[in-house]
Every structure is written in C-alpha cells, then in structure tokens.
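S.K.:
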Amino acid sequence: MFKSIKYTLLSMFIVFKHLFKRPVTLEYPEKKNLVNEYFRGKPVVNSNCIKCGICMRVCPSGAIKIDENSFKIDLKKCIFCGNCTFYCIKDAIKMSEAYELASSEKESLELIYKIGGENERNI
Ligand code: SF4
Ligand code: SF4
Numbered sequence: 009m010f011k012s013i014k015y016t017l018l019s020m021f022i023v024f025k026h027l028f029k030r031p032v033t034l035e036y037p038e039k040k041n042l043v044n045e046y047f048r049g050k051p052v053v054n055s056n057c058i059k060c061g062i063c064m065r066v067c068p069s070g071a072i073k074i075d076e077n078s079f080k081i082d083l084k085k086c087i088f089c090g091n092c093t094f095y096c097i098k099d100a101i102k103m104s105e106a107y108e109l110a111s112s113e114k115e116s117l118e119l120i121y122k123i124g125g126e127n128e129r130n131i
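If you're matching positions, the sequence shown starts at 9 in our numbering and goes up one per residue.
1. For CYS63, which of ASN56, CYS86, ASN91 and PRO51 has the nearest alpha-carbon?
2. Which residues in the same chain have their Cβ closer than 6 angstroms to the Cβ of VAL66, if we skip the five residues on either side of it in sequence?
3. Let me make sure I understand the geometry here. Which of GLU105, SER69 and LYS122 has the alpha-carbon closest to that of LYS50?
4. Count the C-beta pairs between the stretch 9-29 and the stretch 71-83 that are closer than 8 angstroms, then say yes if the count reaches three, no if not.
5. Buried or exposed: where does LEU42 fall if 16 or more other Cβ atoms within 10 Å of its Cβ makes it buried?
6. Using a Cβ-based criterion (distance less than 7 angstroms to any ligand heavy atom), does SER78 qualify as near ligand 2?
7. In terms of residue numbering, what span does the beta strand (DSSP E) encompassing LYS102 cover?
8. Hey, out of PRO37, CYS89 and PHE28, whose CA is closest to MET103's CA?
9. Let me know the secondary structure DSSP gives LEU109 once reduced to three states.
10. What is the rounded straight-line gap between the Cα of ALA100 and the Cα of SER78?
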C-alpha cells in the first residue's frame, strides 16, 4: 500500500517536472528540422553536367541512366550513398536537402533532368 502511494507520487513528480520543459519533438509537417551540412537528400543535377557517365558507372544500385536526351535518376533504386556526387568531375550532381520524397505515384519517383539541369518532374 505504502509502496504504491510512493510510486504514484514519484510518477506525478516526474510528469510535473517535464510539464514546463520545451518539447523535444516537432509538430511535423508545420515545423521542420533543419538538416545538417552532411545530409544526403534528393540527388539534383545542374547544368554543369557533360554526360560523361562516371556517376552512372559508380552508382552501386544502377539508379542513374543517361541517354542522348535525358539524365534519369530512379529514386526507387537510389540508396542516397552520395557516390555520384563524390566522383563527378564537374560538380554537376549534388545531394540536396530535400527529404520529403514519398509519393503514391511510382512515375514521380523517377527524376528526369534535361541536359540544362531542369527537372521535368517536380517532387
Ligand atoms: S553528373 Fe557529373 S559524373 Fe554524372 S554525367 Fe554529369 S558530369 Fe558526368
Ligand atoms: S546517391 Fe548513390 S545510389 Fe543514389 S544515384 Fe547517387 S550513386 Fe546512385
């Protein structure tokens, strides 16, 4: 009996102790955490790209396809390793801070960049 009162009071004390502290979680999606400089989000290609194909060869999951007219990155395959950005000789591909990449449409997970670096699908 005495023990249960003791533990009830103890738990109430802990609740009150935390009641006026700042919450450690964010009310997502209204509030979002800033990502740090090493974060690897959606890969983005810019106009420096010369289509040399190095990134395609070093991509461990075969997510990059380059042909005459387009540069495609399949986010379904991408493991966000950053290899493509590391080996790019023209600084043309970057891991952006974008992390909200979920989609109910499979097609929108395929990023198609024109050679000018413009993304045809905005996700
Ligand atoms: S992104 Fe870089 S490595 Fe990939 S094809 Fe373009 S220039 Fe070459
Ligand atoms: S981040 Fe890694 S898996 Fe994704 S496209 Fe670049 S090399 Fe391929």
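We put the beta carbon where it would ideally sit given N, CA and C, even for glycine.
M.R.: With the structure as the only source:
1. Stepping through the sequence shown from its first residue, residue 63 is reached at position 55. Cα-wise, what sits closest to CYS63 is ASN91.
2. As a position in the sequence shown, residue 66 is number 58, starting the count at 1. Within the same chain, VAL66 has close Cβ partners ASN91 and TYR95.
3. By 1-based counting over the sequence shown, the position of residue 50 is 42. Distance check between LYS50 and each of GLU105, SER69 and LYS122 places GLU105 closest, using alpha-carbon atoms only.
4. When C-beta atoms of the stretch 9-29 are compared with those of the stretch 71-83, fewer than three pairs fall below 8 angstroms, so the two segments do not count as touching.
5. Taking the sequence shown and counting its residues from 1, one reaches residue 42 at position 34. LEU42 comes out exposed.
6. Here residue 78 is taken as the residue at index 70 of the sequence shown, counted from 1. Between ligand 2 and SER78, a heavy atom-to-CB distance of less than 7 angstroms is absent.
7. Locating residue 102 in the sequence shown gives position 94, where the first residue counts as 1. Here the beta strand (DSSP E) through LYS102 covers 101-103.
8. Here residue 103 corresponds to residue number 95 of the sequence shown, with the count starting at 1. Considering only alpha carbons, the answer is CYS89.
9. Indexing the sequence shown from 1 puts residue 109 at position 101. In this structure, LEU109 counts as coil in the three-state DSSP scheme.
10. Residue numbering aside, residue 100 sits at position 92 when the sequence shown is read from its first letter. Residue numbering aside, residue 78 sits at position 70 when the sequence shown is read from its first letter. So the alpha carbons of these two residues sit roughly 14 angstroms apart.
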